[in-house]
Amino acid sequence: MSNVELSLTCPEDAYVKRRAALASKIKRPMVVFSGHALARSYATNMHPFRAESCYLYFGGPSLEHAAILIEPGSNGRDGCTWFRTPPGPDDPLWLGPTPSDATCAAAMGIDVSQIGDYEALATATSGGDVSCVTPPHPDTLALACKLKLSKPTDEESLAIIDLRLVKDEPELTAMRFAAQAGVAGHIAAMRAAQIGHSETDIQAALISELVRHNCRESFSPICTIRGEVLHGECAGRKLEKGSLMLVDAGAEETGGYTSDMTRAYPAGGEWTSIQRHLYETALRAERAAIDACVPGKRYLDIHRLAAQIICEGLVDADLLKGEPADLTERGVYGLFFPHGVGHLIGMGVHDLEEFGDLAGYPAGRTRPERFGDCFLRLDRDLEPGMVVTIEPGIYFVPSIWERDALVKPFADAINRSAVDALLKDQFGGIRIEEDVAVREASAGGPEVLTAALPNDPDEVSKITQSAA
Ligand code: GLY
Ligand code: MN
Ligand code: MN
-16 MSNVELSLTC PEDAYVKRRA ALASKIKRPM VVFSGHALAR SYATNMHPFR AESCYLYFGG
44 PSLEHAAILI EPGSNGRDGC TWFRTPPGPD DPLWLGPTPS DATCAAAMGI DVSQIGDYEA
104 LATATSGGDV SCVTPPHPDT LALACKLKLS KPTDEESLAI IDLRLVKDEP ELTAMRFAAQ
164 AGVAGHIAAM RAAQIGHSET DIQAALISEL VRHNCRESFS PICTIRGEVL HGECAGRKLE
224 KGSLMLVDAG AEETGGYTSD MTRAYPAGGE WTSIQRHLYE TALRAERAAI DACVPGKRYL
284 DIHRLAAQII CEGLVDADLL KGEPADLTER GVYGLFFPHG VGHLIGMGVH DLEEFGDLAG
344 YPAGRTRPER FGDCFLRLDR DLEPGMVVTI EPGIYFVPSI WERDALVKPF ADAINRSAVD
404 ALLKDQFGGI RIEEDVAVRE ASAGGPEVLT AALPNDPDEV SKITQSAA
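If you read the sequence shown in our numbering, its first letter stands for residue -16, the second for the next number, and so on.
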């Protein structure tokens, strides 16, 4: 038995409460698996392990090939069993010691007698009607199949979604920490954004701060001067005078809680007038959308609010013609702002996306079909404790402007020669992204978890220029 310490992100009573809350809503036992690390080029060269989010949420220590069984009616302690795969004889040699069962049980808020191995899991589930949540990991899927566990019904998935949608205080604390780590990464990136440096220099500066905070990347960082490629990768391009850098990156702390933030800024800190105009437009949209993150507000309306402010800025810049409200109604913004205004964030950067639109769209609402709205990942009415990103952007994407079906219906509203000039100049893209916790006005209104990262264009320039 080892004395290795284990520090889970949340206190044990938070996990007990969550398991009891789920147990009160389900009618058959549920197994929540941790999953396992995926192999890279050969079986013992693995990608880093990341346990499945629901497993972490219900208190599972971050170990491969483990699972929590939650019985209906459990009080969160009795009726909850943790199954783990004991280390093999050579594991301590290669991987070091692991926390003892007693240490894990204490951190999870279960009795040590409620721990078993996968054989005990097979016994506990044999012949019964049991559901399971699995990450898409081959060995775990095979095991779930062998044990004849069922996929959760929508009702069972919604029982989990309803819980995870609203963050408790320990979760918010973890997200504030992930935000702090992300802010440090972004400041380092801004300082590295000098003319002559490359995208990889900026990415390296960013990641080193995440690591210093004992975090990993919450997704593959986007560090690029081709910001119009929405999920583009850093390609090592050199920054030149006039290049517009877009950095979208966040941190994930050890329990899986994340941040996700974006800034766009010019190489060397010197904005061109059109860059600055469009940046200020995106910033106005950002601020108005954040102010609208209040309980009861429909997220689609926040998306449209941001879209209308973007239309106003595009009219001011002589890129669009017409009344911003009409242009918004017609959906012209999709040509410049094709993605949604944001998504849920929490454990995993697109929180709950493993449940598809069941998480983002409540009963009676479906994803809009129109270009400019169809990539919106969320359309719930906001509630206190939900955390969302707000990430409006303005892009000049050649592949959009090559699609007649998208562009032609708006020919009367577009100043095509002005758009073409920016496409020719490879303007790129602007996005500003903050993580926002919804709170009642009496509790202070929306809390911007990422507020420590400046988004004012002069302040951002100052950070870059101070490092020159
Ligand atoms: N880069 C992923 C996102 O911001 O949603
Ligand atoms: Mn992002
Ligand atoms: Mn995001």
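Ideal placement from N, C-alpha and C gives every residue a C-beta, glycine not left out.
Check each candidate in the options and name the one with the smallest Cα separation from residue i.
{"i": "S452", "options": "L104, A271, V116, G59", "result": "There is simply no residue 452 to check, as the chain begins at -16 and stops at 451 in what is shown."}
{"i": "H465", "options": "R220, G179, A451, L436", "result": "Since the first residue of the chain shown is -16 and the last is 451, residue 465 is not available in this structure."}
{"i": "V324", "options": "R287, R195, R313, R348", "result": "R287"}
{"i": "H196", "options": "F160, E374, S226, G225", "result": "F160"}
{"i": "R1", "options": "L(-11), K10, G43", "result": "G43"}
{"i": "A450", "options": "R360, A172, G339", "result": "A172"}
{"i": "E(-12)", "options": "A85, I413, R350, G92", "result": "A85"}
{"i": "L468", "options": "D395, E336, V431, A396", "result": "Nothing in the structure corresponds to residue 468, since the chain is present only between -16 and 451."}
{"i": "G56", "options": "F41, I9, N(-14)", "result": "I9"}
{"i": "G18", "options": "G412, E416, E306, T68", "result": "T68"}
{"i": "W65", "options": "A20, W384, S45", "result": "S45"}
{"i": "L266", "options": "V443, P70, C63, A49", "result": "V443"}
{"i": "V431", "options": "I292, G92, S133, M244", "result": "M244"}
{"i": "A401", "options": "R360, D334, I413, L303", "result": "L303"}
{"i": "L124", "options": "P72, S191, A50", "result": "A50"}
{"i": "G368", "options": "V419, H326, I383, E385", "result": "V419"}
{"i": "G279", "options": "T433, H326, P75, D364", "result": "D364"}
{"i": "K407", "options": "E152, G59, F379, F338", "result": "F379"}
{"i": "Y282", "options": "P249, G343, R209, D301", "result": "G343"}
{"i": "R386", "options": "E417, A404, F354", "result": "F354"}
{"i": "L39", "options": "I257, N58, E(-5), Q186", "result": "E(-5)"}
If we count the other Cβ atoms within 10 Å of its Cβ and call it buried at 16 or more, is residue i buried or exposed?
{"i": "T241", "result": "buried"}
{"i": "C(-7)", "result": "buried"}
{"i": "R399", "result": "exposed"}
{"i": "R246", "result": "buried"}
{"i": "M29", "result": "exposed"}
{"i": "V166", "result": "buried"}
{"i": "P82", "result": "buried"}
{"i": "C276", "result": "buried"}
{"i": "W254", "result": "buried"}
{"i": "L78", "result": "exposed"}
{"i": "G224", "result": "Checking the sequence shown, residue 224 turns out to be Lys, not Gly. Under this definition K224 is an exposed residue."}
{"i": "M(-16)", "result": "Bear in mind that a pLDDT of 47 at M(-16), under 50, signals an unreliable position, so the number given afterwards is only what the model happens to contain. Per the 10 Å Cβ criterion, exposed."}
{"i": "E138", "result": "exposed"}
{"i": "R23", "result": "exposed"}
{"i": "G252", "result": "buried"}
{"i": "E423", "result": "exposed"}
{"i": "N438", "result": "buried"}
{"i": "A176", "result": "buried"}
{"i": "P121", "result": "exposed"}
{"i": "L452", "result": "The first residue shown for the chain is -16 and the last is 451, placing residue 452 beyond what the model contains."}
{"i": "P381", "result": "exposed"}
{"i": "Y25", "result": "exposed"}
{"i": "D362", "result": "buried"}
Tell me the DSSP bridge mates of residue i?
{"i": "R33", "result": "According to DSSP, R33 bridges with nothing at all."}
{"i": "W254", "result": "Answer is none; W254 lacks a bridge partner."}
{"i": "G110", "result": "Its beta-bridge partners do not exist; DSSP assigns none."}
{"i": "G238", "result": "G238 is not bridged to any residue."}
### Task
Would you check if there are 3 or more beta carbon pairs closer than 8 angstroms linking the segment 197 to 217 to the segment 227 to 238?
Output reads yes: the segment 227 to 238 touches the segment 197 to 217.
### Message
Give the list of continuous alpha helix (DSSP H) stretches no shorter than 4 residues that lie fully inside the segment 159 to 202.
### Response
The segment 159 to 202 contains these whole alpha helix (DSSP H) runs: 182 to 195.
### Task
Could you tell me whether the segment 209 to 228 touches the segment 309 to 317, using the rule of 3 or more Cβ pairs below 8 angstroms?
No, because fewer than three Cβ pairs between the segment 209 to 228 and the segment 309 to 317 fall closer than 8 angstroms, the two stretches do not touch.
#### Entry: Inter-stretch contact (C-beta, 8 angstroms, three-pair minimum) for the segment 14 to 29 and the segment 101 to 117
Contact holds: three or more Cβ-Cβ distances are below 8 angstroms.
### Whole alpha helix (DSSP H) elements within the segment 382 to 443, 4-residue minimum
Whole alpha helix (DSSP H) segments, 4+ residues: 387 to 390, 399 to 407.
### Query
Do the segment 414 to 432 and the segment 347 to 356 touch if we need at least three Cβ pairs shorter than 8 angstroms?
Cβ pair count under 8 angstroms is below three, so no.
### Message
List, from N- to C-terminal side, the beta strand (DSSP E) runs of 3 residues or more that fit wholly inside the segment 310 to 373.
### Response
Taking 3 residues as the shortest admissible run, the segment 310 to 373 contains the following complete beta strand (DSSP E) segments, listed from N- to C-terminal end: 370 to 373.
### Query
Can you give, in chain order, each stretch of the alpha helix (DSSP H) that sits fully within the segment 59 to 84 and has at least 4 residues?
Fully contained in the segment 59 to 84 are the following alpha helix (DSSP H) runs of length 4 or more, in chain order: 74 to 78.
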